[in-house]
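Residue numbers (my numbering): 1 to 173.
Step one of this worksheet: look at the structure below.
What follows is the structure, given as structure tokens:
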């Protein structure tokens with residue numbers, strides 16, 4: 001049990017380090033993206049996405065599990081240690097995932113608290129608010145007045161009913 005806790009804590013620190021490293025530079029992810037995709041499908045240079053940075057939970061889980069499977073395979077083939085305990089494997093994966101989310105919370109808050117980012121976020125919020133108000137104004141059309149309602153009613157009464165139109169066409173007697 002003690003070794004599992006140690007593995008878990010080390011995995012949390014490992015997850016924080018991985019996330020922090022990818023938030024600074026995503027060269028490895030970009031390299032694999034360039035190798036595996038055609039030029040039209042390659043990610044842009046401004047895209048900051050990495051293996052765990054700006055990824056959804058399921059993709060983080062896949063990449064981290066793949067990393068630990070590769071590490072386990074290397075350990076079992078390269079050393080005489082042929083035992084990989086499942087509980088350590090799972091605690092390492094869960095700890096790394098938790099570490100990436102802890103790091104994302106700290107990196108997000110530290111980026112969000114910068115003065116420039118606060119101004120940009122405030123300006124974006126103001127623009128979104130203005131757009132929202134304009135959308136509401138466009139959706140709310142003025143209600144027709146009593147005169148407009150009276151003008152519309154005679155038009156409706158002058159139309160023939162469906163039965164009369166069918167009689168005119170000779171389809172019914």
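Glycine included, C-beta positions come from ideal geometry on N, C-alpha and C.
Same chain, Cβ closer than 7 angstroms to residue i, five either side skipped, listed in chain order
i           : result
residue 194 : The first residue shown for the chain is 1 and the last is 173, placing residue 194 beyond what the model contains.
residue 11  : 91, 92, 95, 96 and 99
Alpha helix (DSSP H) segment containing residue i, residue limits
i           : result
residue 177 : As shown, the chain starts at 1 and ends at 173. That puts residue 177 outside it, with no answer to give.
residue 24  : 2–24
residue 62  : 57–78
C-alpha gap between residue i and residue j, whole angstroms
i           : j           : result
residue 172 : residue 162 : 11 angstroms
residue 59  : residue 125 : 30 angstroms
residue 129 : residue 137 : 12 angstroms
residue 174 : residue 132 : Because residue 174 is not part of the residues shown, which for the chain are 1 to 173, the question remains open.
residue 87  : residue 31  : 33 angstroms
residue 183 : residue 40  : Any property of residue 183 remains undetermined from this structure, which presents the chain solely from 1 to 173.
residue 8   : residue 77  : 24 angstroms
residue 13  : residue 139 : 51 angstroms
Neighbour-count burial assignment, residue i, 16 or more Cβ in a 10 Å radius
i          : result
residue 55 : buried
Chain-order list of residues whose beta-carbon lies under 8 angstroms from that of residue i (same chain, five-residue window excluded)
i          : result
residue 81 : 75
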